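Okay, so here's the structure we're looking at.
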Amino acid sequence: MTASTTRRTTAAKSRIAAVSAIAVAGAMLLTACGDQTDSGPKESETKGNAAAAPLADKLPKEIRDKGVIKVGSDIAYAPMEFMDEKNKPAGVDIDIANALGKVLGVEFQFENATFDQLVLGMNNGRTDIVMSSMTDTKERQQGASDDAKGGADFVNYFKAGSAILVQKGNPKNVSTLDDLCGLTVAAQRGTANETLLKETQKKCGSNKIKPFISDQDTDSITQLQTKRADAVITDFPVALYNELNAGGGKLFEVVGEQIDAAPYGIAVSKKNTQLRDALQAAVQKIIDDGSYAEVLKEWKAESGAIEKATVNAGK
Numbered sequence: 001m002t003a004s005t006t007r008r009t010t011a012a013k014s015r016i017a018a019v020s021a022i023a024v025a026g027a028m029l030l031t032a033c034g035d036q037t038d039s040g041p042k043e044s045e046t047k048g049n050a051a052a053a054p055l056a057d058k059l060p061k062e063i064r065d066k067g068v069i070k071v072g073s074d075i076a077y078a079p080m081e082f083m084d085e086k087n088k089p090a091g092v093d094i095d096i097a098n099a100l101g102k103v104l105g106v107e108f109q110f111e112n113a114t115f116d117q118l119v120l121g122m123n124n125g126r127t128d129i130v131m132s133s134m135t136d137t138k139e140r141q142q143g144a145s146d147d148a149k150g151g152a153d154f155v156n157y158f159k160a161g162s163a164i165l166v167q168k169g170n171p172k173n174v175s176t177l178d179d180l181c182g183l184t185v186a187a188q189r190g191t192a193n194e195t196l197l198k199e200t201q202k203k204c205g206s207n208k209i210k211p212f213i214s215d216q217d218t219d220s221i222t223q224l225q226t227k228r229a230d231a232v233i234t235d236f237p238v239a240l241y242n243e244l245n246a247g248g249g250k251l252f253e254v255v256g257e258q259i260d261a262a263p264y265g266i267a268v269s270k271k272n273t274q275l276r277d278a279l280q281a282a283v284q285k286i287i288d289d290g291s292y293a294e295v296l297k298e299w300k301a302e303s304g305a306i307e308k309a310t311v312n313a314g315k
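Residue numbering for the sequence shown follows the numbering used here, beginning at 1 and increasing consecutively.
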């Protein structure tokens with residue numbers, strides 16, 4: 001999910017794998033339900049995991065002792081993060097987090113929340129980090145955007161951009177952002193996709209876009225499915241996933257090219273540099289040992305791969 005003052009660039013992540021996660025009029029979208037996963041592991045289990053994990057000693061002691069990293073996420077963004085048929089978090093971010101947990105010796109426990117409140121919740125102590133297809137931008141780092149109050153550091157682990165999703169057959173003949181003028185266009189609140197819609201609106205003159213701004217991306221796609229919207233601006237991986245999976249691939253299509261690919265980041269409090277550095281080391285570790293590539297291959301998200309884990313690389 002991209003930022004509201006730059007791009008929340010939501011990654012090139014095509015997922016053909018979790019069709020069961022989409023459900024609305026013929027297998028379409030996935031609605032997040034439930035506020036958190038099962039409770040964390042038992043103390044004996046976490047201590048055993050930490051002992052076997054190569055990077056456990058890099059974590060802050062309080063996190064090593066509890067064996068859990070609490071993760072804030074808007075879990076309604078297939079294929080990046082969504083609730084599966086068992087009402088459990090699934091997707092690219094969840095599988096990457098599981099791989100990170102193995103090298104750090106802790107469990108990543110996802111908690112569901114509204115996207116534009118995730119960084120604020122982290123800075124208020126509700127969670128330790130945010131992992132939610134969040135585009136790393138200077139505005140978010142500095143806390144200058146409404147969806148990142150208090151600011152954050154970002155450990156970069158993926159890259160993606162925006163895309164235009166339309167009904168199958170492209171009845172409105174959309175091929176670029178300029179073609180959205182005069183149409184009803186949906187986007188998620190607090191994301192770079194909403195910002196992109198607003199920037200496009202400025203170029204439309206008197207032929208204005210009719211915006212539909214939703215709290216969840218799944219709501220935007222529902223508007224497209226029910227023909228209340230002519231197009232959706234969403235992250236590229238999400239758009240491609242819906243093209244391939246929704247209604248057996250018969251409902252939607254992606255038009256044009258991926259727009260403004262940028263790094264996704266795991267948001268960490270600026271006060272918690274030890275946790276930030278541990279996560280950066282862990283991301284690099286799973287890149288080097290191949291487990292990162294295995295996750296992306298499983299979700300057909302290889303186009304979003306990075307080779308080096310960075311911090312605050314967003315512009």
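Glycine included, C-beta positions come from ideal geometry on N, C-alpha and C. Computed from a prediction, not measured in an experiment: that's the story for all the values here.
With a 10 Å radius around the Cβ and a threshold of 16 neighbouring Cβ atoms, residue 308 comes out exposed. One alpha carbon belongs to residue 297, the other to residue 207, and they sit about 42 Å apart. Relative to residue 314, the option among 117, 106, 264 and 93 whose CA is nearest is 264. It is roughly 17 Å from the alpha-carbon of residue 76 to the alpha-carbon of residue 244. For residue 58, the closest C-alpha among the options 312, 219 and 281 is that of 281.
Remark: fewer than three beta-carbon pairs, one from each stretch, lie closer than 8 Å, so the region 138 to 154 and the region 80 to 93 are not flagged as touching.
Straight through space, the alpha carbons of residue 187 and residue 193 are spaced by roughly 6 Å. A Cβ-Cβ distance of about 13 Å is found for the pair residue 260 and residue 234, leaving them out of contact under the 8 Å criterion. For residue 153, the three-state secondary structure derived from DSSP is strand. Considering only 189, 211, 183 and 177, the residue with the shortest C-alpha distance to residue 200 is 177. In the same chain as residue 215, and ignoring 5 residues on each side of it, the C-beta atoms closer than 7 Å to its own belong to 114 and 189, in chain order. Listed in chain order, the non-local C-beta contacts of residue 97 below 7 Å within the same chain comprise 71, 108 and 131, local neighbours out to five positions each way being set aside. Pairing residue 312 with residue 286, the inter-Cα distance amounts to about 19 Å. Rounded to the nearest angstrom, the gap between the Cα atoms of residue 204 and residue 267 is 35 Å. Within the same chain, and ignoring the five residues on either side of residue 272 in sequence, the residues whose Cβ sits closer than 8 Å to its Cβ are 60 and 128.
For residue 234, the pairing in a beta bridge is given by DSSP as 163. DSSP links residue 73 through a beta bridge to 112.
Residue 263 has 159 as its beta-bridge partners, per DSSP. Assigned with DSSP and collapsed to three states, residue 129 falls in strand. Membership of residue 220 in the alpha helix (DSSP H) is indicated by the continuous run 217 to 225.
Counting the other Cβ atoms within 10 Å of the Cβ of residue 175 gives fewer than 16, which makes it exposed. The beta carbon of residue 173 is closer than 8 Å to those of 179 in its chain, skipping five residues each way along the sequence. The straight-line gap separating the alpha-carbon atoms of residue 220 and residue 159 is approximately 22 Å. In the DSSP assignment, the residues bridged to residue 81 are 77. Distances from the CA of residue 182 to each of 168, 255 and 197 were compared; the closest alpha carbon is that of 197. Exclusion of the five residues before and after residue 258 leaves 12, 160, 161, 162, 163 and 236 as the residues of its chain whose Cβ lies within less than 8 Å of its Cβ.
For the 7 Å CB-CB criterion, residue 184 and residue 168 do not form a contact.
A direct Cα-to-Cα measurement between residue 238 and residue 78 gives close to 6 Å.
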